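Have a look at the structure below before the remarks.
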Amino acid sequence: MLEGFRKHSNSFFLIVLIASVATIFGVGPGSQSCSQGSLKVTYAAKVHGRTLSESDFVAAVGMVPRIMRASEENPAVAGAIRQGALDGLIERELLAHEAERLGMRVTEEMVNEEFRNCRFYASVGVGAEPVLGVQSGRVELPPSSCGGVGDRFDFPQFERVARRLFRRTVADLRESMVREMLAQRMRDSVRASVQLSDEDMWRDYQRSHDQMAVRYLRYNLNFYRNLVRDDDAAQVEAWAGQHTDEIQRQWERRRESLRGLRREFRSRHILVKYPEGATDAQKAEVRARAEAIRAQLVAGGDFVRLARLYSDDPGNWREGGMLPWTAVEGSNFDAAFVRAATALQPNGVSPVTETPFGAHIIQLLAFREGDVPEAEAKRDIARTLFRETRGAELAREAARATLERMRTATNLDEVGTQAHAAALREFFRGEVPGPVTLANNVTLTPVERTDLDAPTLQDSEVFARNGFVVNDVERAEMLTSIAFGLTQESPLVREPVQAGDDWFLMRFKDGSRTVATREEFGRQRQELLSSVNASALAARQRDVLVQYVTHLRQEAEHDGQVRIGNSPRLRAPAPGQEDN
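Residue 115 in the working numbering sits at position 114 of the sequence shown, and the numbers go up by one each step.
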């Protein structure tokens, strides 16, 4: 049954010998380079004196996407594949070395049995596992795909599989399998040492059965950033005078990108969009609305306010219609738009300009060309940084003001309504007007905005200690922890809580608390042994294994037993190229 394996495994040592001689005398492909008579051997890493070759690394990089559940389209995932593959190789060797030290062995027959059943192993760095959605361990394929059918084994087919899936010869794959199997036995031993006590089960039961809900307001940084008036030159200049070092650092990073520019313009606009398949009559109505908006601007109206009220451009109405710097020639903007904008003087407002999208009112802000003067560039940087800093301050100040009202309020809904209305007045720079009837019964109506992220009083779903008040924010678990500190007697947070970039106010929702009891836990204990216990034990085992591997690596690095190699393949290939 395994004669093919035995026959070919006997040649393994000859292959290793030949490879060793080739390495010494410089005839191995892709493993070394000669420069001015010197020999430079490249490798991926060395661990406890064992060299991990470039081909080891390339094979690992090729294997990771086959077993992971995350999408390679995610930039964070794409970056984690190479690092996860390299860390996986290093951690595999650390675990295999420890397994050998403890007397564990993997025989040729054990490897042959795994091959015959089309079972393989893959190691991914413990730090990359959550990002890639995969854990190190066994990878199983249908036995027939590797050449195994009943008692027969098709060795040539297996050789093709080794090259196609793993980019390895059978001899190389066999050697790597020994190391993988040793590492896996060590992982299994570490996991087996972890058990859950009744007290551990009780704590896990509490985390999933203690439940509550809160009423909360969220003060979103993106919303408050748009409230900052960065056109107040005196205010921005005063702020810049206190943050010169930060502005200088930004300038030094961006300096090269602000040299030798083609002629560019900066503008903002209000778009009144044509309906899909608009008739001439409908286009005339759109032009009439745009003319009415332009008339308000000419009469001294606030461009930002009018853009937020009336613009149909989904990409920039929040920012008052602001557009990025755009090349006068060769941009992807509509030619009519560019002509209208560049015909203006700075701060001028265009006539109503039609493009295939609809009717635009454009305000030109500035031109630039060549090398942007340092002082001008630093003013732009200061405005951007000022918006970030001041936006965070406004969010915190608004949250604190609302919290003071909540402390004495008898009607929380009324406080929430007032906070929401005040935020909208700030955003729209005044009250939102009603519809206005123009000539020929054309109506100008503010666009209904439902995605503003203004603070709104909301009721959370019921959540447990291992759940979240909201889950789309950094440090969501911290919000949960603070929420469980609220009670019927002390229902309100003492200060606004920052999670990620946003600020939160939370109040205990009356009658929402369910407390886990030991009596109920006792009645469910047997059921928990087969459900909660299994998942909790797996999580605990995972945590202990991560700690163990991390400790092994820290010790080995401290002792100089881990060395990252000099292989150029450790860097990501250029666009359009692949590892091979």
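Think of the CB as a built atom: it goes at the ideal place given N, C-alpha and C, for glycine as much as any other residue. If you're wondering where the values come from, they're calculated on a predicted model, not measured in any experiment.
Backbone CA spacing between residue i and residue j [nearest angstrom]
| i | j | result |
| --- | --- | --- |
| D544 | A129 | 14 Å |
| N227 | T280 | 36 Å |
| G359 | G301 | 24 Å |
| L133 | R192 | 21 Å |
| Q542 | V195 | 6 Å |
| F159 | S568 | 29 Å |
| E286 | Q499 | 47 Å |
| R564 | E558 | 8 Å |
| V17 | R83 | The pLDDT assigned to V17 is 32, lower than 50, so where the model puts this residue is not dependable; a value taken from the coordinates is nonetheless given after this. Going from the Cα of V17 to the Cα of R83 covers about 27 Å. |
| M64 | P131 | 17 Å |
| R264 | E375 | 17 Å |
| F156 | S137 | 27 Å |
| V516 | R554 | 42 Å |
| S312 | H244 | 35 Å |
| D511 | L259 | 57 Å |
| L487 | R508 | 7 Å |
| I91 | Q249 | 41 Å |
| E448 | L310 | In the sequence on display, residue 448 carries Val and not Glu. Cα-Cα distance, rounded: 6 Å. |
| E370 | R267 | 12 Å |
| Q251 | R388 | 15 Å |
| R295 | T446 | 14 Å |
| G501 | L218 | 15 Å |
| E114 | S190 | 21 Å |
Reduced DSSP category for residue i - H, G, I as helix; E, B as strand; rest coil
| i | result |
| --- | --- |
| Q489 | coil |
| R263 | strand |
| F334 | coil |
| T343 | helix |
| Q568 | Residue identity differs from the one stated: residue 568 is Ser in this sequence, not Gln. In this structure, S568 counts as coil in the three-state DSSP scheme. |
| H559 | helix |
| T245 | helix |
| T551 | helix |
| V437 | strand |
| W1 | Only positions 2 to 581 of the chain appear in the structure, and residue 1 is not among them; the question remains open. |
| K510 | coil |
| S177 | helix |
| F368 | strand |
| Y44 | coil |
| D503 | strand |
| M323 | strand |
| R450 | coil |
| S536 | helix |
| T52 | strand |
| Y122 | strand |
| L445 | strand |
| D460 | strand |
| E475 | coil |
| R495 | coil |
Contacting residues, own chain, Cβ-Cβ under 7 Å from residue i (five flanking each side not counted)
| i | result |
| --- | --- |
| C119 | E141, L142, P143, P144, S146, C147, G149 |
| F522 | W203, Y206 |
| E181 | R93, Y122, S124 |
| N223 | D454 |
| F334 | T327 |
| Q37 | Bear in mind that the predicted position of Q37 carries a pLDDT of just 40, short of 50, making it too unreliable to give a figure here. |
| K274 | D313, F358, G359 |
| T81 | The residue asked about is misnamed: residue 81 is Ala in this sequence, not Thr. Within the same chain, A81 has close Cβ partners A129, V132, L133. |
Proximity below 7 Å, CB of residue i to CB of residue j
| i | j | result |
| --- | --- | --- |
| A396 | W240 | no |
| V350 | L298 | yes |
| G566 | A61 | no |
| V127 | R175 | no |
| L96 | M187 | yes |
| G321 | A308 | yes |
| L386 | G417 | no |
| Y220 | A484 | no |
| I363 | A342 | yes |
| A420 | T403 | yes |
| L197 | L546 | no |
Same chain, Cβ closer than 6 Å to residue i, neighbours up to 5 away in sequence not counted
| i | result |
| --- | --- |
| N467 | R208, S209 |
| M213 | S513, R514 |
| S12 | Since pLDDT at S12 reaches only 37, below the 50 mark, its modelled position is unreliable, and the value read off the structure follows with that caveat. Excluding positions up to five away in sequence, the list is empty. |
Cβ neighbours of residue i in the same chain (closer than 8 Å, five flanking residues each side left out)
| i | result |
| --- | --- |
| R139 | R120, F121, Y122, Q185 |
| L425 | V433, L453, A455 |
| R164 | T170 |
| A410 | V416 |
| H98 | V48, H49, R51 |
| E462 | A214 |
Contiguous alpha helix (DSSP H) assignments of at least 4 residues, all confined to the region 132 to 168: 156 to 167
Length-filtered (3 minimum) beta strand (DSSP E) runs lying within the region 179 to 224: Runs of the beta strand (DSSP E) inside the region 179 to 224: 215 to 220.
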